[in-house]
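Those letters in the sequence shown? Residues -29 to -1, 1 to 445, per mature numbering (1 follows the signal peptide of the UniProt record, and there is no 0), in order.
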Amino acid sequence: MITRFRRLPLRSRLALLTAAAVAVAVALAAGACWFVTKEQLAHQRDTTLTSQRVDERSVQELIRSCGTNPSGLPPAPGSYTVQVVTAGGLVCTTPGKAAIRVTDADLAVARGRADEVLHDGTAVDGKEMRVATYASDQLARTAISIAQPLSETEKPLNALALVLVLTAGVGVLGAAMAGLGIARAGLRPVDQLTDAVEHIARTEDLAVRIPVEGEDEIARLSRSFNSMTAALASSRDRQAQLIADAGHELRTPLTSLRTNIDLLARSEETGRAIPPEDRKELLASVKAQMTELAELIGDLQELSRPDGPEGGAPLQVVPLHEAVGRAVARARLRAAGSGLVVDDRTDPWYVRAEPAALERAVVNLLDNAVKFSPPGGVIEVRLVNGELTVRDHGPGIPDHELPHVFDRFWRSPSARSLPGSGLGLSIVARTVQQAGGVVTLRPAEGGEGTVATVRLPGAATEPPPLTGDEPRRP
């Protein structure tokens, strides 16, 4: 039964639950009304019976005529039955009425052991009666019973029960119809949400938005759905942009690589040897382009990883000063031929991060500084109190370009002739953010150049290693 109920549509379940709730409430109200009415009628009937008194002369006349000429007296008026009971067991009933079976309570009143009793009785014809018996004031050892059929109160109660049942049925039916209407009105936003989800599933149209009305739970659900579709649309746009940008960046080295390989292949096919110097330059160019392709693919793989904890290796306690030291050594090797000087001073600082990703981010910062520094310039690297700064003395970055420096594949017009994919700073921003830090770029004060600043939470002393149960930083 429960399984069948759960298979019904939500609006049908709401209508049924509403009808059931109203049915229970109406049944309780109707039952209470019926019982209260029954008690009131019974109390009124008993009060009327106990307040009735029969004229003593009529009682004496009834006793004298009892057993000799019972039909000589006129019948008792109305529905009441009058019966006289003596202590000796004589029973006299008004003519035309069925005698009431005498009980011990009636005899107790006749014998003076009780003044008045009220009880249910039965007539000799089987009719249920309500009997009030009291002691006669003038006749000793005599009781007078006044009885009324119970059907006199049962009839209005049965009529009331029928009215209550009909009223309850109409109320439940009305409640079911109202519940269905309320469910339809209340679930209209859910229907719109369902239609929107089905439309998106069919067409992949993420521009669909649901109208939001009010501040209730349905409105919150609609706003959440609209935010979700907007985020999905933005993610899809970024994905498409990433693919387009990656294709554009890959096209240039691939075109150059294919041209050089075609020249080498044509030389082999035609038998016309390429001069040794030219051949050496071609092979060097092929090697450089392959290196550039490998770095670009590595950068794309790094950026394609999910941002969540499952996207990378487990966090570890990383000595940032050691990673900076290794990056400085690599930068000095790259800058050896141009006379660049890398001036570094690092204090101990330990952070929780992915070791390889963090070192790659620091290397990208220093490579960027080497790329834009003039020959014979100085690159200043400082790590103090967890703040890493890298300053070069190059041409700097115009203010209007600073908001774009961490965008994927973005390269300033002055840097488009230099090697690189435009992904280095994007990887830096992503890695620092995953480690809970902040990275910024700003023009250097008091001269040319740019200052890159990385702030990472950590400590100057090595903290205890991470356990396997410790949650990862988002």
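Where is the CB? At the ideal position from N, CA and C, for every residue including glycine. Since the model is a prediction, treat every value here as computed from it, not as a measurement.
For H90, the uninterrupted beta strand (DSSP E) run begins and ends at E87 to T93, by DSSP. Using a Cβ distance threshold of 9 Å, I189 and A167 do not count as a contacting pair. CA-to-CA, the gap between G59 and V(-6) works out to about 56 Å. Here G92 is buried. Its C-beta has 16 or more other C-beta atoms within 10 Å. Pairwise C-beta distances place the stretch 411 to 429 in contact with the stretch 339 to 358, as three or more of them are shorter than 8 Å.
Secondary structure in the stretch 62 to 145: the beta strand (DSSP E) runs of 3 residues or longer, each lying completely within the stretch, are 62 to 64, 87 to 93, 99 to 106 and 113 to 120 in chain order.
For a cut-off of 8 Å, the C-beta gap from A79 to A85 is around 5 Å, short enough to register as a contact. For Q287, the pairing in a beta bridge is given by DSSP as A324. With respect to T402, R297 sits apart: the two C-beta atoms are not nearer than 9 Å.
The beta carbon of V289 lies closer than 6 Å to those of V322, A324, P326 and L329 in the same chain, with the five residues before and after it left out. Take the alpha-carbon of T8 and the one of D77: they are about 29 Å apart. The DSSP-derived three-state label of P(-21) is coil. In this structure, the CA atom of D96 is about 14 Å from the CA atom of P66. Of the other Cβ atoms in all chains shown, 16 or more fall within 10 Å of the Cβ of G365; this residue is therefore buried. Of the candidates N231, A236, R(-17) and P369, the residue whose Cα lies closest to the Cα of I153 is R(-17). Annotated as distal: V299 and L264, with beta-carbon spacing of 9 Å or more. Only exposed fits V312, as fewer than 16 other CB atoms lie within 10 angstroms of its CB.
Distance from the CA atom of S195 to the CA atom of T421, rounded to whole angstroms, is 41 Å. Per the coordinates, the alpha-carbon of A106 lies some 23 Å from the alpha-carbon of E99. Counting along the chain, A423 sits inside the beta strand (DSSP E) bounded by residues T421 to R426.
Setting aside the 5 residues that flank it on each side, D318 is surrounded in the same chain by H292, L354, V355, N356 and A431, each with a C-beta closer than 8 Å to its C-beta; the list follows chain order. Bounds of any alpha helix (DSSP H) do not take in T432, whose DSSP letter is neither H nor E. Boundaries for V168: no beta strand (DSSP E) harbours it, while the alpha helix (DSSP H) harbouring it runs R159 to T174, taken from the DSSP string.
Put simply, the stretch 127 to 147 does not touch the stretch 19 to 32. Fewer than three CB pairs are less than 8 Å apart. According to DSSP, L354 shares a beta bridge with T317 and L359. Under the DSSP assignment, R28 falls in the alpha helix (DSSP H) whose first and last residues are E27 to S36.
DSSP, read as helix, strand or coil, puts P224 in helix.
At the C-beta level, V352 and V295 come within 9 Å of one another.
Distance check between I368 and each of L412, V333 and S397 places L412 closest, using alpha-carbon atoms only.
Each of V334, D363 and D370 was checked against the Cα of S397, and the nearest Cα belongs to V334. At the C-beta level, V409 and V399 stay beyond 9 Å of one another.
Apart from the 5 residues on each side of it in sequence, V183 sits with its Cβ closer than 8 Å to the Cβ of A190, S193, R194 and N197 in its chain, given in chain order.
A147 sits close to V(-8), with the two beta carbons spaced by under 9 Å. Residues of the same chain with a CB within less than 6 Å of the CB of S227, apart from the 5 flanking positions on each side, are Q260 in chain order.
Under DSSP, the beta-bridge partners assigned to T52 are A118. Shown here for R72: same chain residues with a beta carbon closer than 8 Å to its own, the five before and five after excluded, namely G92, T93, A94 and V95 in chain order.
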